[in-house]
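Chemist: Numbering (the working numbering), first residue to last: 4 to 86. Cβ atoms here follow ideal geometry from the backbone N, Cα and C, with glycine treated the same way. Remember, predicted model here, so these are calculated numbers, not experimental data.
Okay, structure coming up:
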């Protein structure tokens, strides 16, 4: 399980624990907001991964791609190394 998957799992566990609190519209809205933000963050990460893969496919070196995108090497596992 990679770091992103672990963070997702942890967030889901926290949401489930919070959901056990008696129904409270404010609590539910907060959980929904957190899950929405998590989805947005995951979408941004996926977009950076796609951009990084395109950069690698065009021959940019891995270190430059990682520096520009802010990703870690694990995020690009399986992407072709340029060079």
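Excluding five sequence neighbours on each side, which residues of the same chain lie with their C-beta closer than 7 Å to the C-beta of residue 78?
Modeler: Within the chain shown, residue 78 is the residue found at index 75, counting from 1. Closer than 7 Å at the Cβ level, and outside the excluded window around residue 78, lie 52.
Chemist: DSSP three-state call for residue 63: helix, strand or coil?
Modeler: Within the chain shown, numbered from 1, the residue matching residue 63 stands at position 60. In this structure, residue 63 counts as coil in the three-state DSSP scheme.
Chemist: Hey, would you say residue 48 sits closer than 9 Å to residue 58, going by beta carbons?
Modeler: Looking up residue 48 in the chain shown gives position 45. Looking up residue 58 in the chain shown gives position 55. No; because the gap between Cβ atoms is not below 9 Å, this pair is not in contact.
Chemist: In the structure shown, what three-state DSSP assignment does residue 42 receive?
Modeler: Within the chain shown, numbered from 1, the residue matching residue 42 stands at position 39. Three-state result, residue 42: helix.
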